[in-house]
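Our numbering puts the first residue of the sequence shown at 1077, with every later residue one more than the last.
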Amino acid sequence: MTAPAAAGRVLATLNADGSRRWIRPKPAVGRYFRHRRAVAYGLMVLFLAIPLFRLRGKPLMLLDVPRREFTFFGTTFLPTDTLLLMLLGLSILIGIFLLTALFGRVWCGWACPQTVYMEYLFRPIERLVEGGWNRSRLLDEQRRHFHPRRLVTHAISVVLALVLAHTFLAYFVGTEALARWVRQSPYEHPVPFLVMAVTSALVLLDFAWFREQTCIVACPYGRWQSVLLDEQSLIIAYDPKRGEPRGHRPHRAEVPGLGDCVDCGACVLTCPTGIDIRSGLQMECIHCTQCADACDAVMAKLGKPPGLIRYTSREALAGRARRLLRPRTVLYPLAFLVCFGSFVAVLGTQPGADVTLLGAIGEPFTLEPDGSVVNQVRVKITNRARGERRYTVELLGAGPARVLAPELPLAVRSGRTATTSLFVILPPSAFRDHERDVRFRVSDGAGFTEEYRWRLRGPDAREEREEREEREKREERAK
């Protein structure tokens, strides 16, 4: 039995019988296209350049997951920076909400890597190699998947995928490690090679096969727009009051009262997700303005004013004035200022080092033959300063204590963590109820000085005295 055909198109990338509909959008070069092209090439250069540049001796951006260190513009965040990372994440999320409320899906159409590389790198090369837009569609209709031109397109796509995948990995491992992996044989680093191979395969799969389905099926942004957009948000929309009723040009003289839309289908042919913008706001629309450029070109040929398809809002299409001030455009900026302001304040007041005191592994203290009590204290220091620091640790408020510190001063590079051990030696009489509170002062000689309280463990002096007296009595009776 064969499945019944759908009553209408379920997805723009599916035919009525469920087979894949390959979308080959016809380029429409207009004012929006030229602006988007400049932005796209600028973003491509930025994406390739960021891993290569350094600020304060650190990469501009490095997401070192194995070491759990995240560097943004010269500042390194550690897993202990929970508050900072939370505030930064909230700021970015609220910023996306605000941007969408004001400008619609401007991210999807102008800055999303999927759109940028698909529309301004892979598809232009595809059209150039295969002989143009019509030739590419003809190869699809004839199912000539192994045509020499198409094989050349796939070969170029493989090279581009390798470049993009390696650049992407540089954000996570750094350019030095990446260069070392590339020069070495895969047998010398099988796991990194496998990571590079899988990443390259995923990039190739995305841009050579999955393509616009990433926006339609995988990306959740289109489904979020129902709550992120309101009636005043900017969208790319068709003006039905001006365009309807539509009609072909040969029949316009016979049918009075037709709108400006001549039903040429240029907006559909140029859409990278294959939708008809005249059907209203749709989940698949990425607001790329291709349909607006195509329609403006047709209107220019007909002597009609541009803007039948344009940036507008649903309120404006309904004939009402667009209001910039509304609840979400007031609350989102306030929330953003609170979160980002708190992030900057916390970051600005952050100390130059993170110091953690840890006890000994195993017994809390040991006794020397002469009766002295030894406490091991481990000092873990994370250097947040911009250069290497040498840290010293002083013991305060411990009276007759002696301190053995074989590794002090402790040298710690910027953004790194080091641990050293101190051995605090006290007589038993220094303890009361098995405890003795002391303070440690940690300083780097360059402005960072902090004191930390610590509780040493040992025998109780009174119990120790009673035990000694009882032991002496037993020895006298034994004599």
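Where a beta carbon is used, it is the ideal one built from N, C-alpha and C, also for glycine.
The model shown is predicted, which means the values in this text are computed figures rather than measured ones.
Contact between His1230 and Ala1284 holds, with the beta-carbon distance rounding to 7 angstroms and staying under 8 angstroms.
By the C-beta criterion, the segment 1493-1508 is judged to be in contact with the segment 1471-1483, since at least 3 inter-stretch pairs fall below 8 angstroms.
Here His1363 is buried: its Cβ has 16 or more other Cβ atoms, across all protein chains shown, within 10 Å. In this structure, Pro1189 is the residue among Leu1240, Pro1189, Thr1151, Phe1153 with its C-alpha nearest to the C-alpha of Arg1113.
In this structure, Ala1104 and Val1192 do not form a Cβ contact; the two beta carbons are roughly 17 angstroms apart against a cut-off of 8 angstroms.
Nearest C-alpha to Arg1398 among Ser1389, Thr1346, Asn1091, Ile1168: Ser1389.
In terms of Cβ geometry, Ile1312 and Thr1365 form a close pair [threshold 8 angstroms]. Secondary structure note for Lys1317: its alpha helix (DSSP H) is the uninterrupted segment 1316-1319.
Taking 8 angstroms as the cut-off, the Cβ atoms of Phe1412 and Ser1095 do not count as close.
Contact annotation, Val1234 with Leu1270: C-beta distance approximately 17 angstroms; criterion of less than 8 angstroms not satisfied. With distances taken between CA atoms, Leu1240 lies nearest to Val1121 out of Arg1386, Ala1506, Val1121.
In the structure shown, Lys1377 falls within a helical segment according to DSSP collapsed to helix, strand and coil. For Ala1487, the uninterrupted beta strand (DSSP E) segment begins and ends at 1486-1488.
Counting along the chain, Gln1301 sits inside the alpha helix (DSSP H) bounded by residues 1297-1304. Contact annotation, Asn1459 with Gly1438: C-beta distance approximately 28 angstroms; criterion of less than 8 angstroms not satisfied. Note that the C-beta distance between Leu1384 and Asp1352 is not below 8 angstroms. Close CB contacts of Glu1470 within its chain, under the 6 angstroms cut and outside five residues either way in sequence, are with Arg1517 (chain order). Under the DSSP assignment, Glu1527 falls in the beta strand (DSSP E) whose first and last residues are 1525-1533.
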